[in-house]
Structures are given as structure tokens and as C-alpha cells.
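Just so you know, we're using my numbering here: the sequence shown kicks off at -8 and counts up by one. All residues carry an ideal CB built from backbone N, CA and C; glycine is no exception.
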Amino acid sequence: GGCGACVVLISKYDPTTDEVTEFSASSCLTLVGSLNHCSVTTSEGIGNTRDGYHPVQQRLAGFHASQCGFCTPGMCMSIFSALVKADKPGAAGEPAPPPGFSKLTSCEAEHAVSGNLCRCTGYRPIVDACKSFAADVDLEDLGLNSFWKKGADRAEVGKLPEYSSGAVCTFPEFLKSEIKASVDNQTNNVPAAIAGEDGWYHPRSIQELHSLFDSNWFDEKSVKIVASNTGAGVYKDQDLYEKYIDIKGIPELSVINRSNKGVEIGAAVSISKAIEVFSDGTPVFRKIAGHLSKVASPFVRNTATVGGNVIMSQRLQFPSDIATVLLAAGSTVTIQTASKMLCLTLEEFLEQPPCDAKTILLSIFVPDWGSDNVIFETSRAAPRPFGNAVSYVNSAFLARTSGDAASGELIVDEICLAFGAYGVGHASRARKVEEFLKGKSVSASVILEAVRLLKDVISPSEGTTHPEYRVSLAVSFLFSFLSSLATDLDEPAKAITPNGISTNGTMNGNGASSLEKQSKVGSDDLPIRSRQELVFTEEYKPVGKPTTKAGAELQASGILQYSYSSELLQCFFKGILTGFMVTFSSAVPHTVNQDLFASHSEPFGSSFCSLYFS
């Protein structure tokens, strides 16, 4: 579920507000039962050989952003979903983008494909195709393409395939009518079925959920409780479940409550929605939002839930970034067991024995720390700064300080140091280090002793890969944080960390993550943006000339047929390779024939990846 090759756009209609909500999602992780009353738009749905290609597909082809083409439909839908989100009607008086552009910014365009993996093209032409839709882009900085050659050899938006928002209908009117009719039936006291004959259960309240738990057919081994099913991308289901209980429709699990005390987030709220909520808050909340934006990929965050992530950390020892950040922020959780409702600190919840299937996480409460004398920083080290990449180590530090009137030094009144993903069961606090730092002003000697204590606390379990490296990362994170509080260091902000590590909410070398505090680490790196210039020779013309590849638009639309898409070759695999597992290193954009290849269809990708909904 992390490659992004099968990304689609899912649209949901709310009849009470008459609004349509669109978001991208991985189709390979999306259960068909969860798509009731949803509209699904695929790459073929926005453009094809019959109706013409969409500008996204045409620009991907024209910027030479496709090679093998396996990832291209997913890239196309990630860009398209970003355009749909950006071009939604805004507030009255909001200026419209220039003709041919969208409201998307260059930064947003770059991050639109942050979770889509490509193994052969290279991301520059892909990103150039994305940024060609941004209103703030400098067209002359875009890379090689086949558009500027039309007429005078200069960059003009008029030479690009014309783009206008709203050209693709993402939710049909007939489906809106069907949804309104179903709502009318419920209003007229026509009971909505909790379950159908297909084994898909969708309770509408906690009481209905517990009635399912108490039924004689409920068995933890054959029943799976799901909100989005993105956990299957990490923990593969070895056996198929007979029944599913979808808890997404329970209102109590989707609450979002703000108060002067803090923010309560329902367990079934998506990570993307949580980012929106936290982004509009105090500095601590904004830091949480910034860190959550580095978790997973946009199309995973759109469906993955905050509660599901925390539950995986508690039950399955998942190396969660979210649990670490919420732990440092002093969060509490509300859980419902078979007999009672409990309110626990997140630390108490994580330290409990793994929850059984009948224990439901209802909500998470994050207190409002205000902005006075509070310092909150988060860090993570991962193979990739963005996209699906589990952290080697993550951390979150919160300190409340006060000033000593006599010396002018900062005194640490309260401090919470949370670490995770370093080879232990779940996120935990460095209690010994916290007790040592309380009441002290941070100096070089204090930092040295805190580092020594931390090395004793951070102890990866046996079998953890690169344990020394993980410990050194944790130490560097703490050193960087404490250095910012010190008063007797020559350059407290010059904390040395390995290249590419996200520290204090920013990324070394790109400076694109934090708008409040630009990282001073790696500030002398070389610029990462420049115009692409190539010198061509006429000696072997047209060899070497950048020309749009034949079939690139077919690849972008997802309808290109590959050799192993043919039934003849499937029969060959069926007859010759019986009993062998056939795998491919890249995602396959088409479903194999289930009748001819039933037992070996799984290695070729999920059959749902290529179902086209019109």
C-alpha cells in the first residue's frame, strides 16, 4: 500500500450539507465494502482514448515523466486529487488563479507525489509536470519538455495542455439521489441493516458494536474490525477473514471537540483531518501537525486513522511516530472495555497488556499548553523524509521554562522526553533524564550528564538492527533540543546531526517543513533548484533529441496493455509455472483474468487496483 501505483480518487457526498468530499486513497488497501455510496475515479476515468486525455496525463507525457509506466497512473491521480482539493471554491473575494493554472502552489505540487514511488524515471520530470499547474511557478525553470518547441522557443502557459478546474465530475447526480433516498428511509423509521449477507457489518453506535461483540458468531480469529484497513499495508493478513466490522460510521468515534483545555480527536478521525485540526492552533498543536504530515503518504493519511495508529502501537508494537508525539504532549485516551469506560494517560495505555479485540479506543485528548514559556520539538530519522518510511528513531520533547531574574538563565520547570521506534515495544519517556533536568538551568555540563543518562535509558531490544546507530540518533536529538535551551554555549543552535535527519520540525538541506523556525543545520548546503540546461549536437540527429515517448499518455491513463496482460501469456504461466510463486518487482496496472489465473493472481497485484468505476 505504500508505492502509490494504484491511487484513486474517492468522493463522498453529505446530503445534509449537499457537499462532496474528495480524497486520494490506495485502492489495494481499500475494502470494497467500505465504498458504499462512494464514487471512485481512476486514471482512466479522467482521461482515455475515447474521451481524450486529461491535462495531467498530457503534461506527464510531455515532460518525459514516464518510463516503464507502472507508477504513472498513481502519479496522475495523486496530482489530480491535489488539483481537486486546491481548486475547491474558496471564500468570497478570493482571487482566481491565472488562466491555465490552478490554486496549487509549487510546494504543494511537489508534495502531491511525495508518497508515490518511482524506480526508473527520476523525480525531476515528474515534479516539473506537477509544478506546471502551480500559479507561482517560474515556467522557465521547468525542465525539458515537448511543449516549448511550439512556435517561438520560449516558455508560455498557452503552450501547455489547457487546464481548467471542474472539468471532471467526481460524483454523479444519480448517486446523490440514491443517497438522499436512503436518508429519507431512515428518517421515516426504516431501520438500516447492521449487516448484509456478505459478512460486512457497519454498526451506527457503540451499543450496536457491543451487540455484535456479544453475538455467538463473534470470533477474534475470523472477524476483523476495520476503520480504513491501512494496517494491512504493514501487517499482511495471512488468512482471509470471514466477517468485517466497519466502525467508521459510529459518530462517537469521529468527534472533534475544541475547548480552552485542548482538542479531543475521535479514534476514527483520519490523520489528514487531524493535521487540519492541529494546524489551526497554538504552537504545540502546529508542531504536532507538522510531524504528522511526515507520517506515511498523503493517500494513506487520507484514510488511516489516528486511533488505529495508536492501537497498532499498543497491540502490535508498531513503531509509531504519532504515539511518540502525543505522548510528549501529555495526551490522554478514553477506551471502552467490555464492562466499563476508562480514561488513561497515553503512557498508562501503552504500558498495559495488549488490548483484546473487544476493547475500543474512543478518543484522544491533547491538552492545550498555550504558548508562554513552552518549547515543543519533534524529530525523526527515516530512510525518506516524506512518504512511507518507518522511523529508525523518533522523539518529541516538551519543556516549560521560567527565567531566573538574578542570573537571566532559563530554568526547566517541567519536561517530557519521549522516544520511540528504537527497538522497543512502544514509545516511552526517559524518566531518569527528566528528573535530572527538572529545576536546572541547561549548561554544557548538564547536557553532558543528560546524554550519559540517556544512553543508559535507550536500550534497543536484542535483535534490533543497528542498535548503536539508533542510540546515537536519540542522543543527537536530545543534544540538539537541550542546546537550544542553553545559555553558556557559543553557538547553541549548531547541533550536529546526520544528514537528512528531521530535527526540530525541519529537514536538513531543504528547509521546506517549518515556516516558523528555519533550521540552521545544513543552511550552507548547495541550492537544490536550478534551470536544467542540456547541449544537443546535430551530428546524430534525431538521436538524443528529447521527444515525447509513444504510449506515454496510454501509460498515464492506465489502459496500456503489457505483454503479461494477454490471456495467452497467462495460460503459459498457468501451464508451465504451476506451483511456483510468480512475482514482479513493480506494480502491475491491470487485473489478470481470474478464471485463467485464479490461484496465482495475488503476486500480480490486487485485483481491485484496476476496477474502473464510472
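Open item on the list: Please identify the residue among Ser362, Val365, Pro376 and Ser311 whose C-alpha is closest to the C-alpha of Phe410.
Closed with: Its Cα nearest to that of Phe410, the residue Ser311 stands out among Ser362, Val365, Pro376 and Ser311.
Open item on the list: Please report the straight-line C-alpha distance between Gly36 and Ser69, rounded to a whole angstrom.
Closed with: Cα to Cα, the separation comes out at about 14 Å.
Task: the region -4 to 11 touching the region 24 to 41, judged by at least three CB pairs closer than 8 Å - done: Here the region -4 to 11 makes contact with the region 24 to 41; the two share three or more CB pairs at distances below 8 Å.
Open item on the list: If the criterion is Cβ atoms closer than 9 Å, does the pair Ser97 and Val47 meet it?
Closed with: Cβ atoms of Ser97 and Val47: not closer than 9 Å.
Open item on the list: Rounded to the nearest angstrom, what separates Trp208 and Ile351 at their Cα positions?
Closed with: Distance between the alpha carbons of Trp208 and Ile351: 19 Å.
- [ ] Pick helix, strand or coil for Pro90, following the three-state DSSP scheme.
- [x] Here Pro90 sits in coil by DSSP.
- [ ] Would you check if the distance between the CB atom of Leu473 and the CB atom of Val437 is smaller than 9 Å?
- [x] Going by C-beta atoms, Leu473 is nearer than 9 Å to Val437.
Open item on the list: Taking its Cβ as the centre, do 16 or more other Cβ atoms sit within 10 Å of Thr497, making it buried, or is it exposed?
Closed with: Low confidence applies to Thr497: its pLDDT is 37, below 50, so where it sits in the model is not reliable enough to give any reading.
Task: Distance cut-off 8 Å: Ala441 Cβ against heavy atoms of the ligand FAD - done: No copy of the ligand FAD occurs in the structure displayed, which carries no ligand at all.
TODO: Would you tell me roughly how many angstroms separate the C-alpha atoms of Val403 and Gly65, rounded to the nearest one?
DONE: About 48 Å.
Open item on the list: Once DSSP output is grouped into helix, strand and coil, what is the label at Ser463?
Closed with: Ser463: helix per DSSP, three-state reduction.
TODO: Would you mind working out which of Tyr413, Phe377, Lys429 and Ala397 sits nearest Arg391, comparing C-alpha positions?
DONE: The shortest Cα separation from Arg391 among Tyr413, Phe377, Lys429 and Ala397 belongs to Lys429.
Task: Pick from Leu307, Lys540 and Val424 that is closest to Pro344, judged by C-alpha positions - done: The candidate whose alpha carbon is nearest that of Pro344 is Leu307.
Open item on the list: Using only the alpha-carbon positions, how far apart do Pro533 and Glu524 sit?
Closed with: Between Pro533 and Glu524, the C-alpha separation is close to 18 Å.
Task: Residue from Ala329, Leu337 and Gln327 whose Cα sits closest to the Cα of Thr315 - done: Nearest of Ala329, Leu337 and Gln327 to Thr315, Cα basis: Leu337.
Open item on the list: Excluding the 5 residues flanking Ile406 on each side, which residues of the same chain have their C-beta closer than 8 Å to its C-beta?
Closed with: So the qualifying residues of the chain are Phe388, Leu389, Ala390, Arg391, Glu425, Leu428 and Lys429.
TODO: For Asp5, write down the residues that DSSP places opposite it in a beta bridge.
DONE: Beta-bridge pairing links Asp5 to Glu10.
Task: Proximity of Ser93 and Leu74 at Cβ, strictly below 9 Å - done: Yes, these two residues count as a Cβ contact at 9 Å.
- [ ] Determine, using beta carbons only, whether Val254 and Val324 come nearer to each other than 9 Å.
- [x] No. Outside cutoff.
Open item on the list: Looking at the secondary structure, which residues open and close the beta strand (DSSP E) in which Leu200 lies?
Closed with: Where Leu200 is concerned, there is no enclosing beta strand (DSSP E), although the alpha helix (DSSP H) around it starts and stops at Ile197 to Phe204.
- [ ] Please state whether DSSP places Thr350 in a helix, a strand or coil.
- [x] Residue state, collapsed to three classes: coil.
Task: Proximity to Lys215 [Cα-Cα], best of Phe377, Tyr235 and Pro242 - done: Cα-wise, what sits closest to Lys215 is Tyr235.
- [ ] Determine the DSSP secondary structure at Ala409, reduced to helix, strand or coil.
- [x] The three-state secondary structure of Ala409, taken from DSSP, is strand.
Task: Boundaries of the beta strand (DSSP E) in which Ala390 is found, first to last residue - done: Its beta strand (DSSP E) spans residues Val384 to Gly394.
Task: Residues near Ala103 in its chain [Cβ-Cβ closer than 8 Å; skip 5 each side] - done: Taken in chain order, the residues that qualify are Ser69, Ile70, Ser72, Ala73, Leu95, Cys121 and Pro289.
TODO: Leaving aside the five residues before and after Ala380 along the sequence, list all residues of the same chain whose C-beta is less than 7 Å from its C-beta, in chain order.
DONE: Within its own chain, the residues whose Cβ lies closer than 7 Å to the Cβ of Ala380, once the five positions on either side in sequence are excluded, are Ala373 and Pro374, listed in chain order.
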